[in-house]
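The structure under discussion appears below in the form of structure tokens.
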Amino acid sequence: MSCIFCKIIAGEIPSKKIYEDDDMLAFSDINPMAPVHFLVIPKKHIENLLVMEDKDALLIGKLLCKAKELAKQQGCEEKGGRFVINAKSDGGQTVDHLHIHFLGGRSLGWPPG
Ligand code: AMP
Ligand code: ZN
659 MSCIFCKIIA GEIPSKKIYE DDDMLAFSDI NPMAPVHFLV IPKKHIENLL VMEDKDALLI
719 GKLLCKAKEL AKQQGCEEKG GRFVINAKSD GGQTVDHLHI HFLGGRSLGW PPG
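Position one of the sequence shown corresponds to residue 659 (my numbering), numbered consecutively onward.
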């Protein structure tokens with residue numbers, strides 16, 4: 659297995675875990691771009707949103723619901739933040755295992771560079 663996020667799920671690479679259940683894992687980004695920056699990933703290896711199958715819709719919905727809950731837990735309910743899913747090279751995806759970023763705790767510019 660070469661996927662680093664699958665290795666994190668398997669416990670072969672350490673992570674700062676903030677939530678785990680049968681379907682997903684959430685952990686702090688190793689290179690935070692904002693005071694609050696965590697990732698929510700499915701335990702199932704799905705490369706990106708472009709290859710996601712419709713049958714995974716419920717799973718993706720659960721990830722988003724959990725990302726929202728964790729963002730609120732981390733103090734970002736009032737001012738909000740950004741939920742991001744990068745896909746493939748033009749999206750700047752560097753890890754080919756679907757993940758939702760949440761960034762908060764500071765004002766974020768738009769549009770992205
Ligand atoms: P992306 O560019 O959307 O593919 O995002 C991948 C993210 O994974 C980046 O923000 C990285 O900082 C983060 N990342 C890579 N390796 C690790 C790791 N071992 N633990 C936590 N986050 C990681
Ligand atoms: Zn993987």
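Every residue, glycine too, gets a C-beta built ideally from N, C-alpha and C. Since we're looking at a predicted model, the values are computed, not measured.
Would you say the beta carbon of G771 is closer than 7 Å to some non-hydrogen atom of the ligand AMP? G771 Cβ: outside cutoff for every heavy atom of the ligand AMP.
Regarding L728 and the ligand AMP, is the C-beta to nearest heavy atom distance less than 7 Å? no
Which one of K724, P700, E727, A725 has the shortest CA to CA distance from D714? P700
With H, G and I counted as helix, E and B as strand and the rest as coil, what does DSSP make of L756? In the structure shown, L756 sits in coil (DSSP, three-state: anything other than H, G, I, E or B).
Does K675 come out as helix, strand or coil in the three-state DSSP assignment? Here K675 sits in strand by DSSP.
I need the boundaries of the alpha helix (DSSP H) containing G739, first residue and last residue. Unbroken run through G739 is the beta strand (DSSP E), 739 to 742; no alpha helix (DSSP H).
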